[in-house]
Amino acid sequence: MSASYNDYVLTTSLEQGWMTAEQAEQVRVVTTANPKVAALDLIEEQQLLPSEHIGMLRSLIEQAGGGAEVQDSSVVRAYLERAVEMGASDLHLGPDAPALVRIHGQLAPMEGAGARHLSKEETEQLGRSFLLPKQTRTVEEHGSFDFCYEAEGLARFRTSVVRQRRGWESVFRVISNKIRTMDELGLPPVLKTLTRYHNGLVLVTGAVGSGKSTTLASMVDNINRERKDHIITLEDPIEYVFTPSGCQVSQREIGANSASFSSALRAALREDPDVIMVGEMRDLETISLAISASETGHLVLGTLHTSTAARTLDRLLDVFPVEQQSQIRTMVSESLRGIVCQQLIPRKDGNGRVLALEVLVNNPAVGNLIREAKTFMLPGVMQTGKKLGMRLMDDSLQEHLDKGIISGEEAYRRAENKKAFATGLAAGL
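For the sequence shown, numbering that gives the first Met the number 0 assigns the number 0 to the initial residue and increments by one for each residue that follows.
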C-alpha cells in the first residue's frame with residue numbers, strides 16, 4: 000500500500016475531527032512497519048471509527064482520485080532510487096537545471112539520464128505526480144508545502160515542494176530507515192550522560208545539514224532503549240520513525256497533527272510525558288514553554304541553528320523582553336543540562352564527512368556565567384572542564400587536523416579562533 004494513500008486517510012480523519020492524534024499515530028506506526036497494510040482497513044478492523052465515517056472516508060478518497068491505486072510517481076521514484084544508490088543526502092528537481100544531488104556536502108548534476116536539463120513544465124508535472132490533491136492545492140495557494148514523503152520499499156524523504164520564479168521545484172532529503180546508535184555515530188560518552196537526566200534542557204545545535212536530526216534521533220533512541228518512560232516528539236515533519244522499546248513513543252507532526260510547535264508543546268504537557276523532543280525552538284512561546292517544562296520534571300531535547308554554546312545561550316535568552324531576561328537567565332542556569340554544537344566537515348581524502356563537536360556541560364561555573372550574562376567567558380570554563388566531557392569546536396577541529404582527517408583550509412574556515420589555524424593553513428596542511 001502506498002504511503003501517500005495512508006497519509007491521505009490519516010490526514011483526512013484528523014482534519015474531520017474523527018480521530019485523535021494518538022489514534023492516528025498508532026495507525027501510522029503499524030502501517031509504517033507493515034507497508035502492505037492499508038490504513039483504512041486497519042481503522043475498520045480495529046473499529047477506531049464508526050461505520051458511517053468509514054463510508055465517508057471511502058467516498059472522499061474516491062473523489063480525491065486516490066483510493067488504493069495511489070502510487071509513487073514512477074519518474075520521481077527513479078530519481079530517488081538513483082540518488083539513494085549514489086549515496087546522496089539530497090535530491091533537487093528544479094526548472095532549467097539538471098537533477099542535482101548533494102554528496103558529501105557538495106551539489107553536482109546527477110550522472111546518466113538525470114543530467115539533462117528539466118523544463119519548468121516537467122518539474123511542475125513531477126511535483127504534482129506525488130502530491131495528494133490537498134497538498135497540491137497548498138502549493139498553488141501558498142507557494143510551498145513541506146512534509147515527509149515515503150517511497151515504499153526505498154526510504155523516507157524530508158520533502159519541500161515550492162513555486163519559485165521559474166516554476167515548481169522539489170527538494171528531497173534522504174532519511175535513513177535505520178536509527179544509528181550513539182556508538183555507531185561515534186558520539187562522546189558525555190552525550191549518553193545527558194540522556195540519563197530525568198529533567199532539564201538539552202540543546203543540539205548547528206547549521207542546516209549538520210546532522211542535528213540524526214544526533215537527536217540517536218539520543219531519543221538511547222532513552223527509548225534504556226528507560227520505561229513516555230517520550231513525545233514534536234517534528235516538522237516527522238523524520239525518523241521510532242519503534243517503542245522500553246518506552247511509549249508518541250510522534251506528532253506539526254501541520255498534520257498540530258498547528259504549531261507551541262500549541263503542540265502545550266498539549267504535550269497535559270499528556271503525562273517524561274521526555275519531550277522539540278524539533279525546532281523557533282519562537283518566544285515555544286522556547287518559554289520548553290524552559291518551563293524542563294523545570295517541572297521533564298527532560299526536554301531541542302534544536303537551534305547556532306554554531307557555538309555561547310551563541311546558543313545568547314539566542315535562547317535574547318528572544319525574551321529585556322525586563323524578563325534576568326529571571327529567564329536564572330531559570331536556564333538551573334535547568335540547562337548541556338549544549339551540543341556540531342558541524343559536518345568534508346574529509347581531506349574526499350571520502351565522506353566527519354563530525355566535529357562542541358560540548359558544554361552545565362556546572363556551577365557555567366551556571367554563574369549564565370546568571371551574570373557573561374556567556375562570552377564560557378570558552379575559558381569549557382577549556383578547564385574537559386574532565387566533565389566539555390570541548391570547544393576549535394579543539395575538535397584541531398584533533399581532526401592533527402590526524403590528517405580534514406584539511407587546514409577547512410579547519411581555518413570553520414574555526415572560531417582563526418589565528419590558531421593560520422600557521423597550518425600557510426603550511427598547506
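Note that beta-carbon positions come from the ideal geometry of N, C-alpha and C, so glycine has one too.
Asked: Residue 381 to residue 247 span [Cα, whole Å]; Found: 36 Å
Asked: Contact check, residue 331 vs residue 344, beta carbons under 8 Å; Found: no
Asked: Coil, strand or helix - residue 181 by DSSP; Found: helix
Asked: Length-filtered (4 minimum) alpha helix (DSSP H) runs lying within the stretch 167-252; Found: 181-184, 188-194, 211-225
Asked: Where residue 46 falls, given that 16 or more other Cβ within 10 Å makes a residue buried; Found: exposed
Asked: Residue 297 - DSSP class collapsed to helix/strand/coil; Found: coil
Asked: Paired residues, beta bridge with residue 148 - DSSP; Found: 156
Asked: Identity of the residue in 356, 241, 48 nearest residue 206 by Cα; Found: 356
Asked: Distance between beta carbons of residue 289 and residue 268, contact taken as under 8 Å; Found: In fact, because the Cβ distance is near 10 Å, the residues do not count as touching under 8 Å.
Asked: Buried versus exposed call for residue 69 [16 or more other C-beta atoms within 10 Å across all chains shown]; Found: Its pLDDT being 41, under 50, residue 69 is placed unreliably by the model, and the measurement read from it follows with that caveat. With 16 or more other Cβ atoms within 10 Å, it is buried.
Asked: Residue environment, residue 367, which counts as buried when at least 16 other CB atoms sit within 10 Å; Found: exposed
Asked: Through-space distance from residue 6 to residue 54, alpha-carbon basis; Found: 17 Å
Asked: As assigned by DSSP and simplified to three states, the class of residue 107; Found: strand
Asked: Neighbourhood of residue 64 by C-beta distance below 8 Å, restricted to the same chain and skipping five residues each side; Found: Low local confidence applies: a pLDDT of 48 at residue 64 is under 50, so the model's placement there is unreliable, and no value is given.
Asked: CB of residue 204 within 8 Å of CB of residue 340, strictly; Found: yes
Asked: C-beta contact flag for residue 156 and residue 79 at 8 Å; Found: yes
Asked: Identity of the residue in 241, 232, 328 nearest residue 252 by Cα; Found: 232
Asked: Beta bridge counterpart(s) of residue 116 as assigned by DSSP; Found: 97
Asked: The stretch 308-324 touching the stretch 173-183, judged by at least three CB pairs closer than 8 Å; Found: no
Asked: N- and C-terminal bounds of the beta strand (DSSP E) containing residue 440; Found: This structure cannot settle anything about residue 440, because the visible part of the chain is limited to 0 through 428.
Asked: Pairwise C-alpha distance: residue 33 and residue 161; Found: 31 Å
Asked: DSSP-derived helix/strand/coil call for residue 69; Found: Note that residue 69 scores 41 on pLDDT, short of 50, meaning its location in the model is unreliable; the coordinates nonetheless yield the value given after this. If DSSP states are grouped into helix, strand and coil, residue 69 belongs with coil.
Asked: Rounded C-alpha distance that separates residue 321 from residue 243; Found: 42 Å
Asked: Start and end residues, beta strand (DSSP E) containing residue 89; Found: 89-92
Asked: Reduced DSSP secondary structure (H/G/I, E/B, other) of residue 45; Found: coil
Asked: Host alpha helix (DSSP H) of residue 330 (start-end); Found: 321-334
Asked: Closest by C-alpha distance to residue 271, when choosing among 256, 295, 229; Found: 229
Asked: Under 8 Å between C-beta atoms of residue 336 and residue 200; Found: yes
Asked: Residue 429 to residue 198 span [Cα, whole Å]; Found: Coverage of the chain is limited to positions 0 through 428, which leaves residue 429 absent and any answer about it impossible.
Asked: Spatial distance of residue 10 from residue 256 (CA atoms); Found: 8 Å
Asked: Residue interval of the alpha helix (DSSP H) (run including residue 264); Found: 260-267
Asked: 7 Å Cβ shell around residue 417 - same chain, five flanking residues per side excluded; Found: 411
Asked: Best match in 137, 142, 171 for proximity to residue 148 [C-alpha to C-alpha]; Found: 171
Asked: 7 Å Cβ shell around residue 286 - same chain, five flanking residues per side excluded; Found: 280, 315, 318
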